[in-house]
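Residue numbers (our numbering): 326 to 740.
Structure below.
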């Protein structure tokens, strides 16, 4: 579809160039013919004036000759003096005939030029009709291109909608694969409560898994964009080094300030999450995990959106600056920083997954229920689970009221 659009645009540009060349050629031909016609008309007028003068002179000579013929006999003595007049009259007559021939040739040439001009005018009208036809075709092509662009945008929106639908359906399939226990077989024991908490946590884990996959895809896309921007910076070299240095320094300082503020905020969120993990109990596991995962996923989405905004700003800065050839090392260091930041985000996601698996291991040890398929595939070793579980248990305060409540429930005999 994009190839068809490019081909149509290329054809439209070629037609416009051809129309422009034809218009220039027609204008030039029209000017040349008009100039030649004016020149011939001027020569025709000059020849007519000259012919009129010769005719007047011939008329005068003929009158003089008739007067001489009508004079009496004594005047015949002067005949030898005027014997050369017929020769002169004959030469004048020949000149007049030549001028008449030239005038006839001029008239014929004028008629030929008028015929050529008529043909050129007809050709010009035909060309104008063709130009109108090409303009109509161009208009239709533009409408078709607009329709294709609209159809392409619709297809993109449909693909995005289908991708989201597929993701939701896959998450639903993951949830349906984990078959919950029947409500009647659960009883009122603590294991039933733990199983409910486990199933809810599994649902949250499945959603978190797909969110993590989407974030990983976004990170991969951002990495590709960074690599493309790094490659495109080599071809841009027009702006002065001083202006580029000032612009890059200002941009880097602003981005460093934003990254520092974002790092401080992320550290605060991580510390808050650590405190939440240390203070949670079994009854509050569902809310704690859901809230923590939602907040962390929201933070990751905000981080990805922020990185996308930063990349857009970087792309705009690169397009505005044309002398980046000398600043490639700084841009590469900036790219490395962004890749490290993306790696840190991926590491945070992996840590969240590990903590979630650790909590599942803890609950499964108490309830004896099997791990969900999404977590059992990456089940840690028994020794590692025991060490991590010991760390978590030691991190929980002993005076926690929820822990005392849980111990009291465990000491109560089952009905």
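Beta carbons: idealized from backbone N, C-alpha and C, even for Gly.
Rounded C-alpha distance that separates residue i from residue j
i, j, result
"residue 386", "residue 351", "52 Å"
"residue 608", "residue 678", "Low per-residue confidence applies at residue 608: pLDDT is 45, beneath 50, and the placement is therefore not dependable, though the value from the model is reported in the following sentence. One C-alpha to the other measures close to 21 Å."
"residue 347", "residue 366", "28 Å"
"residue 710", "residue 472", "Confidence at residue 710 is low in this model, with a pLDDT of 40, below 50, so the placement of that residue is unreliable and no value is reported for it."
"residue 660", "residue 667", "10 Å"
"residue 465", "residue 479", "21 Å"
"residue 431", "residue 368", "8 Å"
"residue 681", "residue 672", "14 Å"
"residue 676", "residue 658", "26 Å"
"residue 524", "residue 531", "11 Å"
"residue 627", "residue 468", "39 Å"
"residue 373", "residue 458", "47 Å"
"residue 422", "residue 391", "22 Å"
"residue 482", "residue 453", "43 Å"
"residue 460", "residue 342", "12 Å"
"residue 586", "residue 332", "48 Å"
"residue 683", "residue 529", "15 Å"
"residue 370", "residue 427", "12 Å"
"residue 448", "residue 434", "21 Å"
"residue 579", "residue 664", "18 Å"
"residue 700", "residue 575", "Because residue 700 sits at a pLDDT of 42, beneath the cut-off of 50, its placement in the model cannot be relied upon, and the following sentence gives the value as read from the coordinates. If you take the alpha carbons of residue 700 and residue 575, they lie about 46 Å apart."
"residue 484", "residue 491", "10 Å"
Test item: CB-CB of residue i and residue j under 8 Å
i, j, result
"residue 294", "residue 540", "The chain is shown from 326 up to 740; residue 294 falls before or after that span and cannot be answered."
"residue 547", "residue 670", "no"
"residue 535", "residue 495", "yes"
"residue 376", "residue 339", "no"
"residue 354", "residue 451", "no"
"residue 636", "residue 521", "no"
"residue 417", "residue 383", "yes"
"residue 629", "residue 543", "yes"
"residue 344", "residue 456", "yes"
"residue 415", "residue 379", "no"
"residue 442", "residue 337", "no"
"residue 674", "residue 537", "yes"
"residue 470", "residue 334", "yes"
"residue 533", "residue 622", "yes"
Chain C contact for residue i (CB, 8 Å cutoff)
i, result
"residue 487", "Any reference to chain C falls outside this structure, which holds one protein chain only."
I'd like to know if the segment 360-380 and the segment 431-451 are in contact, where contact means that at least 3 CB-CB pairs between them fall below 8 Å. yes
Alpha helix (DSSP H) runs contained entirely in the segment 449-499, provided each spans 4 or more residues: none
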